[in-house]
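**Q** So that we are looking at the same thing, I have put the structure below in structure tokens.
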């Protein structure tokens, strides 16, 4: 209570009654046995009391009761053995010191008392640890960690006295030598608290004092105990100092890097690796991007600051030139890692100072025969390419691909590095350097034999050079100057003439647009260095410039697209899409009209003269272009789009159907397209309803178009839902998982639209009379629409049952209980006992959904009826669904318990419950014994509903079906022989197999044929012999057979099981399932596709 009330008591009142209150609180603090909650409340009250005291009270040392006595009590409790009490006391000490009384000094008067107390205690513990005979005294280590936590609490309050900084650093570095990682972590936390507490400019001198002390405590280079810890403290100290004074810290960076670099000369790998990591941390943490900017009116970088930064970069470059000398060969890998980090940090400011270090590494890399650190050297050169640019790097490390010499080695290895790291470079450099190089190689190839090795090598180099073009087009700095009409004409000619270059050129054209569009939209707005070098205004100007060239580029791309086989059109389509985004509206409309005309002519021509088998229909190519333009064309073209949709949706070509439906989906991606879909909604809905059934390959596209129209459906047009509902239900059980998934989503969306309300004009439905009354939309009405499918044929019934199950699963909380019961009774009575196995199987799935979804009170009342019908269905279908029914009963047992299910179970089927009980007990026993540890791969389903419906999720059944074997037994076998297995032998793997090896023994005689008493040969009709095939099998053979008869995936990804008679039975006295007939498939070989003639635009 005092802890809560003290926060609201006036401070003068607390100061006036300080002695009385402290005496009362002190009695609790000094008591031997006080519960932790009471002690924590007392600490909170004492904290508030001490914070309320003024400067006079803290200076009254002649009094017997002073604030110092209360603070000493908190200090003692901050080392208490109870964690919560200790933490509360440490937090109280921190808050008291962080809230000094008003006075001339910002430092608390009691800070010296706290520092001396903490140092005294920790020094005593260190001495005790050194005197202890045990190497790892856990009790002393724990006390040291408690003391270090107290020091962290004091230092983080920014009240550690200046005079006590040096002894503190000594103590912390001494502790850092210990191998105990928790002690080292606690010591670093104390250092971090000291560094992070000094955050204002007035702390700069104090920080310099701390840094000076740390540098004076530098250990020897080969001190394996202290060097790594000291290096880590330096990294933390400089990172904190950079936040306090970035420019001053950056100015000291060469001195500190030189100091840390001294440890690279150590012969101990742990030390020089720690030094390299420290240098990386210094570079990344102590070099803010703001200091690397060029002087400008919109930043704080002056000419003096720019020069100072430039001097520091020059000094750092000289240091790295030294580090790349022979003296540091043993740690060359670490030096190159640091060089890579500093290049990535300095960016363009590394030019020209760091060209020399990069050139040194490049010379190392050029010696491909003896140099072993190629990966690290490649990383350095790659960083240099990305920050300095390819032009700068190649000026120091030329490719020398034409006539290389010993003093001018060829550097073909640079080409992949250039390809992967060029960005925001000068495109003119590619035109002036690499295109002439390509011509030189082409001239060389022309003089050689076509199939010679040199031709193949030169062609590979040419291909690698062309692969650079897309990356030079990634945000080029000189796009307007370099992308000229002649350059585009050359690229267009190459697109026509050289099929192999099409992907590279298309990628380059696409990259020009995409990179500038992305950058202009502010994607890299936080990169201030790039923003200064390449403003967003330039990117916007580039996009405008490219838009003037888009019409001609698209004409070439359309022609190339029509000449390319469909399997290789992907990259061309992507490039076309990029330029459709920027082409002016007038040009786009003209192009669209032209393509529409070509499409109409092609359709008319193909109607009279069908396309030869194997050829690509021109109408499909034109339709591809129409679909690509659909979401970009202006609203004035939408009428033509819908005309194309209406005229081609009934086309017999499945590829044409698929493209037609995509028009609707693509239009939905833009606001203008959505408005047009709403405007022409009635016509589109009518076309979708009256369109004939689609082929399998176009069904997904059709469903997505329907989904789009329902998504945009206004409340006044809900009649579209009952009109199109049969087509959605038809796709519910499709073999294609994508089709099922979209059908599920569409059905759910329909239900949501009906729940939202509206009016259904039944008179507009096909076959309904004009005077048919309207119906109010609701979920119940939607259920009535779906239930009507149960009156159809077997296939319709099956799919209707699945649809009802889905709706109940998703909307069970919104359906009236009476409606739920009526639907469940209807499905159980008319479908569960149906003669058709497909219908019964769907009904069993529906019952499983009942068990999962129905409210408990409904399911309890219907449990007996459901069980009777399920078991009757099992007998009706010769127990073909026993495993499914067993899973449903297991679900009921999980939900209501064994006793409840047993009371509702028919007496004749109690043996099934006994079977389930034994299976559960066996599974539980196996888990306890650790025999069921193998993780099974979880099946994947198209939707959550399918997962609930088809995934048994039954541990008991899995345990029942799992192979019995030794724990953790692997699926490999080693062939045994008299010779020992030599694992170093290359043939050792030949003795290891994933199946049981056959023994090399004398071949057994073949089984004799059976003859009757008349000497006639007798064949068994069921294919079985009198001998039991399992009698002579050991456990390994049985296990392998179990694996082979496990589930496999068919052509469409569906799980299939290799069953034999009786696999699905509960007991031996049940009737076997009927064997399935074999189905023979047919295959054929089609003619190769012929290339279509070029179509000009």
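Residue numbers (our numbering): 1 to 1097.
Note that the Cβ used here is the ideal one computed from N, Cα and C, for glycine as well.
1) To the nearest angstrom, how far is it from the Cα of residue 52 to the Cα of residue 162?
2) Based on the DSSP output, what are the partners of residue 759 in its beta bridges?
3) Do residue 226 and residue 177 have their C-beta atoms closer together than 8 Å?
4) So, with DSSP's three-state summary, where would you put residue 594?
5) Please tell me whether residue 774 and residue 793 are closer than 8 Å, where the distance is taken between their beta carbons.
6) Beta-carbon within less than 7 Å of residue 1114's beta-carbon, same chain only, minus the 5 sequence neighbours each way: which residues are those?
7) Identify which residue in 928, 689 and 456 has its Cα closest to the Cα of residue 767.
8) Which residue wins for smallest C-alpha separation from residue 350, given the options 335, 309, 611 and 99?
9) Give a yes or no on whether the C-beta atoms belonging to residue 807 and residue 783 are separated by under 8 Å.
10) Just the C-alpha distance for residue 174 and residue 234, rounded to the nearest angstrom, thanks.
11) So within the region 825-904, which uninterrupted beta strand (DSSP E) runs reach at least 3 residues, ignoring any that extend past its ends?
12) Tell me, please, whether the region 144-162 touches the region 97-117 by the rule of three or more beta-carbon pairs shorter than 8 Å.
13) Can you list, in chain order, the residues of its chain whose CB lies under 7 Å from that of residue 467, leaving out five sequence neighbours each side?
14) Would DSSP call residue 408 helix, strand or coil?
15) Need the endpoints of the alpha helix (DSSP H) that residue 301 sits in, please.
16) Helix, strand or coil: which one does DSSP assign to residue 137?
17) Since residue 313 contacts residue 346 with CB under 8 Å, what's their CB separation in whole angstroms?
18) Please report the straight-line C-alpha distance between residue 883 and residue 729, rounded to a whole angstrom.
19) Within the same chain, show all residues whose beta-carbon is closer than 7 Å to that of residue 811, passing over the 5 residues directly before and after it, in chain order.
20) Rounded to whole angstroms, what's the CA-CA distance from residue 255 to residue 532? Just pull it up for me.
21) Please report the straight-line C-alpha distance between residue 180 and residue 188, rounded to a whole angstrom.
22) How would you label residue 115, buried or exposed, when you count the other beta carbons within 10 angstroms and need 16 or more for buried?
23) Taking the CB atoms as reference points, tell me whether residue 885 and residue 823 lie closer together than 8 Å.
24) Please tell me whether residue 465 and residue 438 are closer than 8 Å, where the distance is taken between their beta carbons.
25) Let me confirm a value: residue 638 is counted as buried when at least 16 other C-beta atoms fall within 10 Å, else exposed. Which label applies?
26) Kindly indicate the opening and closing residues of the alpha helix (DSSP H) around residue 94.
27) Is DSSP giving residue 62 helix, strand or coil here?
28) So that I know if they touch, is there some Cβ in chain B lying closer than 8 Å to that of residue 541?
29) For residue 623 and residue 659, which I take to be in contact (beta-carbon distance under 8 Å), what is that distance rounded to the nearest angstrom?
30) The alpha helix (DSSP H) spanning residue 206 covers which residue range?
31) Ignore the nearest five residues each way along the sequence and tell me which others in residue 340's own chain have a CB closer than 7 Å to its CB.
32) Spatial neighbours of residue 10 within its chain, please: CB distance less than 7 Å, with the 5 preceding and 5 following residues excluded, ordered by chain position.
33) Among the residues of its own chain, which have a CB less than 6 Å from the CB of residue 542, if the five just before and after it don't count?
34) Does the region 386-397 touch the region 357-364, meaning 3 or more C-beta pairs lie closer than 8 Å?
35) Work out the CA separation of residue 137 and residue 131 for me, nearest whole Å.
**A** Taking the geometry as given:
1) 26 Å
2) 776
3) yes
4) helix
5) no
6) As displayed, the chain neither begins before 1 nor continues past 1097, which places residue 1114 out of reach and without an answer.
7) 689
8) 309
9) yes
10) 15 Å
11) none
12) yes
13) 419 and 504
14) strand
15) From DSSP, residue 301 is part of no alpha helix (DSSP H); its letter is neither H nor E.
16) coil
17) 6 Å
18) 27 Å
19) 751 and 779
20) 30 Å
21) 13 Å
22) buried
23) no
24) yes
25) buried
26) 83-98
27) coil
28) Protein chains in the displayed structure number just one, and chain B is not present.
29) 4 Å
30) 204-216
31) 379, 380 and 383
32) none
33) 479 and 516
34) yes
35) 11 Å
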